[in-house]
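Counting from 21, one number per residue, gives the positions in the sequence shown under my numbering.
Even glycine gets a Cβ: it sits at the ideal position worked out from N, Cα and C.
Just so it is clear, the structure is predicted and the values come from calculations on it, not from any experiment.
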Amino acid sequence: MKIKLLTIIVLIFTLNNFVALTAIYSKEIKQKSINPLVISDLLMGGTINNIWVDNDKMSKMIKGGEVYQVYDFSKYLGYGKGSKIEIEESAGAQWIEIKTKGKKIDDYIAIGGKWNIYPRKITQQSLNDNNCKNIVKEVLQKNGLKNVKIILKQNYSVDIDGDGSEEVFITASNIDYNDLKTEIVKNTYSIIILRKIINNKAENIVLQKSIYADNKSFEEGCSTIYKIDYIADLNNDGVMEVVAEDKYYEGMGYTVIEIKGDKVKEALSNGWGL
Ligand SMILES: [Ca+2]
Ligand SMILES: [Ca+2]
């Protein structure tokens, strides 16, 4: 009789554990959150449980019909439904068409997740700011480019990490975005600089650069221009990343740059070229 009772107790205990474990396991499966990231129809990859996943891995998980939150540079536009992946062999990229409120939008950023990608406000600053011009001048001189006109193209301030201190993003270039050459012309540049307070000191970190001191033929490379397309939290960790666009003759791409403290890393990138 005692043995039987013990067996029943053990059985109930095991069953309880089994139920509890199953509950934890199914909760984990449910919590696995797959969030693709699409920029103007180009699949960038995205995140799984807040971890970056590249475009090849993410493309295998997309079935079509996914719901995306669609944004422009500063605000939420609404949700949209995404198509299946289309692979364009010649350009070597994965594409998804997203319709927002039944309409197609040209320039947008879309995430599969539901968090707010703009936790803090981005402010446009003056393109005539002499401090910013001097920062660019200094970087160009260090890279062998002297006596060129400093032209600011973008100047944004935003507290990307919410520590109360604003980061500044400066884009400068003397290359014409709409007239990109097949070859490299000397004394041209395109640069994105981050100004950030690190250990109570303002540091200038170069995020992207093409600085050309000499002429170069098409075979040696072609002129690349950079600009900031978005500053947004794309992995739901509360810190905003930068999406830099690079454009060259018959090709372009996007790079998601993650900035944490004084560490800068390329989280995702994708693009196409002929
Ligand atoms: Ca900050
Ligand atoms: Ca983030």
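Three Cβ pairs or more, each shorter than 8 Å: is that satisfied between the region 189–200 and the region 165–175? yes
Going by C-alpha distance, which of Y250, L294, Y269 is nearest L57? Y250
Neighbour-count burial assignment, Q161, 16 or more Cβ in a 10 Å radius: exposed
Rounded to whole angstroms, how far is the Cβ of I155 from the Cβ of N207, which I believe are closer than 8 Å? That belief does not hold up - the Cβ atoms of I155 and N207 are roughly 19 Å apart, past 8 Å.
Using the beta carbon as the reference atom, which residues fall closer than 7 Å to any heavy atom of ligand 2, ordered along the chain? D253, L254, N255, N256, D257, G258, V259, M260, E261, E278
Check whether the Cβ of E223 sits closer than 7 Å to any heavy atom of ligand 1, and report yes or no. no
Three-state secondary structure (DSSP) at I155? helix
G65 and M78: beta carbons closer than 8 Å? yes
Which of helix, strand or coil does DSSP assign to Q114? strand
Whole angstroms is fine: what's the gap from K83's alpha carbon to I204's? 42 Å
Can you give me the Cβ contacts of E117 inside the same chain, cut-off strictly under 8 Å, excluding the 5 residues immediately before and after it? D61, G102, S103, E106, K124
Whose C-alpha, out of C152, K166, K201, is nearest the C-alpha of V188? C152
If you compare alpha carbons, which of V284, E278, V263 is closest to I59? V263
Run of the alpha helix (DSSP H) containing S79, from where it starts to where it stops: 75–79
I'd like the list of long-range same chain contacts for N175, defined as Cβ closer than 8 Å, with 5 residues on each side in sequence excluded. Q144, Q145, S146, L147, D149, C152, V188, F189, I190, T191
Confirm the yes/no value for this check: CB of I180, any heavy atom of ligand 1, distance under 7 Å. yes
So, is the C-beta of M272 closer than 8 Å to a C-beta in chain C? The displayed structure is made up of one protein chain only, and chain C is not part of it.
Between the C-alpha atoms of Q114 and Q89, what's the straight-line distance to the nearest angstrom? 19 Å
Give the single residue among D266, E186, I211, I248 whose Cα lies nearest to the Cα of N220. E186
Just reading off the beta strand (DSSP E) that G227 is part of, what are its end residues? The amino acid at residue 227 is misidentified as Gly; the sequence shows Leu. First-last of the beta strand (DSSP E) with L227: 221–232.
Report the option in G184, E270, L254, V73 whose CA atom is closest to the CA atom of G133. L254
Cβ-based burial, A222 [other Cβ within 10 Å; buried from 16]: exposed
CA-CA distance, D257 and Y138? 12 Å
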